[in-house]
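Asker: Counted from 1, the sequence shown has number 104 at position 105 by numbering that gives the first Met the number 0; the numbering is strictly sequential.
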Amino acid sequence: MKVAASILAAVIASASSFVVQPQNTRRDTFLSARKPFITGNWKLNPTTKKEAIELATGIANAVSDSSPGDVALFIPYPFLESVESAVDGKVTIGAEFITAEESGAFTGGVSPLMLKSMGIEWALAGHSERRTLNGESDEEINEQCLMLIENGMNVVLCIGETLEEFEKGLVDSVCAIQLKKNLAGVTPEQMKQVTIAYEPVWAIGTGKVATPEIAQDVHKVCRDIIADMYDETVADECRILYGGSVSPESVDGLMAKPDIDGTLVGGASLDDSKFGRIINFETVEE
Ligand code: PEP
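Shown next, in the form of structure tokens:
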């Protein structure tokens with residue numbers, strides 16, 4: 000408990016230097032078109048290559064000319080090549096993480112150069128499970144983002160607060176800290192290679208999806224932070240995805256919100272009919 004309390008105190012102290020100022024002058028809705036982006040994260044699933052190919056084929060079959068956006072799957076390394084050929088260009092395939100090194104004595108590591116040589120051009124960075132289970136720090140996540148970007152690849156940077164931070168009202172500050180630390184050194188031009196996934200940790204794998212209103216508010220805050228870090232154009236063009244227990248039942252309401260440009264889906268991306276419904280979300284009137 001003492002350790003948890005001191006961590007929280009450190010977050011609060013650190014957060015105070017990243018307070019987000021209200022942006023009254025800023026537009027409430029975006030002007031530029033951001034194509035929807037529906038993405039899945041398979042985590043440590045499925046168990047076999049055969050299952051991976053079947054699942055990916057089912058998902059690719061759900062993508063049609065009338066699907067509203069781009070689709071990507073972030074999947075375990077051993078399945079990358081066979082799944083990439085199974086989806087036949089209908090779905091972008093990416094890795095779930097990288098090692099921020101080009102080569103050398105890093106047993107178990109996978110570099111962006113290795114992925115690129117296989118035709119893989121996307122990866123996640125900063126997923127909350129890697130932050131907590133693998134102890135990845137903001138600085139390491141920043142190195143991963145820079146390594147991907149500098150090698151011409153694209154990154155989906157995952158950020159988001161814990162339940163304790165949510166209950167303490169620290170959401171805006173936590174997002175500001177993570178965006179500023181994880182994107183340090185990324186230029187405005189390089190932001191074209193960056194997608195943000197806002198994933199409240201309390202919503203991941205819990206079945207507790209954030210309401211569209213809560214998610215919209217945080218996405219707007221994140222866009223304002225990006226505008227402060229860069230400019231309005233970079234902020235308007237940056238796709239910000241929501242992740243956390245997205246389902247066929249919740250996707251339409253989330254995607255109706257102006258600052259929610261897509262989703263990062265864990266559990267439901269392991270079911271081709273559920274993920275197919277999410278890919279083909281329906282536009283609902285606000
Ligand atoms: C995730 O893994 O990023 C995720 C959002 O998982 P789930 O959809 O299962 O909550």
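Using N, Cα and C, we set each Cβ at its ideal position, and we do this for glycine too.
Bridge partners of Tyr-197, per DSSP?
Answerer: In the DSSP output, where bridge partners are listed per residue, Tyr-197 has Ile-158, Tyr-241.
Asker: Identify, in the order they occur along the chain, each residue of the same chain with its Cβ nearer than 7 Å to the Cβ of Gly-108, setting aside the five sequence neighbours on each side.
Answerer: Cβ within range, chain order: Thr-98, Glu-100.
Asker: Whole angstroms is fine: what's the gap from Thr-28's alpha carbon to Thr-106's?
Answerer: For Thr-28, the predicted model reports a pLDDT of 40, less than 50, meaning its position is unreliable; a value from the coordinates is still stated below. Taking the straight line joining both Cα atoms gives about 47 Å.
Asker: Taking the alpha carbon of Thr-131 as the reference point, which residue from Leu-169, Glu-284, Trp-201 has its own alpha carbon closest?
Answerer: For Thr-131, the nearest C-alpha among the options comes from Trp-201.
Asker: How about His-126: is its Cβ closer than 7 Å to a heavy atom in ligand 1?
Answerer: Yes, since a heavy atom of ligand 1 falls inside the 7 Å radius drawn around the Cβ of His-126.
Asker: Under the rule that 16 or more other beta-carbon atoms within 10 Å means buried, what is Leu-114, buried or exposed?
Answerer: With 16 or more Cβ atoms within 10 Å of its Cβ, Leu-114 is classed as buried.
Asker: Terminal residues of the continuous alpha helix (DSSP H) containing Asp-216?
Answerer: Note, Asp-216: alpha helix (DSSP H), 211-228.
Asker: Cα-Cα, which of Thr-194, Pro-211, Pro-199 is closest to Arg-222?
Answerer: If we check each option's Cα against that of Arg-222, Thr-194 comes out closest.
Asker: Should Glu-285 be labelled buried (16 or more other beta-carbon atoms within 10 Å of its own) or exposed?
Answerer: Classification for Glu-285: exposed.
Asker: State the Cα-Cα distance for the pair Ala-94 and Gly-266, rounded to the nearest angstrom.
Answerer: One C-alpha to the other measures close to 17 Å.
Asker: Just mark Lys-256 as buried or exposed, buried being the case when its beta carbon has 16 or more other beta carbons within 10 Å.
Answerer: Flag for Lys-256 reads buried.
Asker: Distance, Cα to Cα, Ser-63 vs Phe-165?
Answerer: Distance between the alpha carbons of Ser-63 and Phe-165: 38 Å.
Asker: Would Pro-211 be called buried (16 or more neighbouring beta carbons within 10 Å of its own) or exposed?
Answerer: Label assigned to Pro-211: buried.
Asker: Rounded to whole angstroms, what is the Cα-Cα separation between Ser-274 and Met-152?
Answerer: Looking at the sequence itself, residue 274 is Phe, so the reference to Ser does not match. Rounded to the nearest angstrom, the two C-alpha atoms are 25 Å apart.
Asker: Tell me the DSSP secondary structure of Val-90 in three-state form.
Answerer: It is coil, neither helix nor strand.
Asker: For a test of the three-state rule: what should DSSP assign to Gly-134, helix, strand or coil?
Answerer: It is coil, neither helix nor strand.
Asker: Look at the Cβ atom of Ala-55, then the Cβ atom of Leu-72, and state whether they are nearer than 8 Å.
Answerer: Going by C-beta atoms, Ala-55 is nearer than 8 Å to Leu-72.
Asker: Based on DSSP bridge pairs, tell me the residues matched to Trp-41.
Answerer: DSSP, once it has assigned bridges, lists no residue as partnering Trp-41.
Asker: Is Arg-26 helix, strand or coil by DSSP?
Answerer: Below a pLDDT of 50, predicted positions are generally treated as unreliable, and Arg-26, at 39, falls in that range; no measurement from the model is reported.
Asker: Following a CB-centred definition, is Val-316 positioned closer than 7 Å to any heavy atom of ligand 1?
Answerer: The requested residue 316 does not occur in the structure, where the chain is confined to residues 0 to 285.
Asker: Please classify Thr-24: is it buried, with 16 or more other beta-carbons within 10 angstroms of its beta-carbon, or exposed?
Answerer: The predicted position of Thr-24 is uncertain, since its pLDDT is 38 and thus under 50; no value can be drawn from it.
Asker: Mapping DSSP to helix, strand and coil, what is Val-170?
Answerer: Residue state, collapsed to three classes: helix.
Asker: Could you tell me if the beta carbon of Asn-44 falls within a distance shorter than 7 Å of some heavy atom in ligand 1?
Answerer: Checking every heavy atom of ligand 1 against the Cβ of Asn-44, none is found closer than 7 Å.
Asker: Under 7 Å Cβ to Cβ from Met-190, same chain only, skipping five residues before and after it: list those, please.
Answerer: Tyr-229, Val-233, Cys-237.
Asker: Work out the CA separation of Leu-169 and Lys-179 for me, nearest whole Å.
Answerer: Each residue's alpha carbon lies about 15 Å from the other.
Asker: In whole angstroms, what separates the C-alpha of His-218 from that of Ile-224?
Answerer: Those two C-alpha atoms are separated by around 10 Å.
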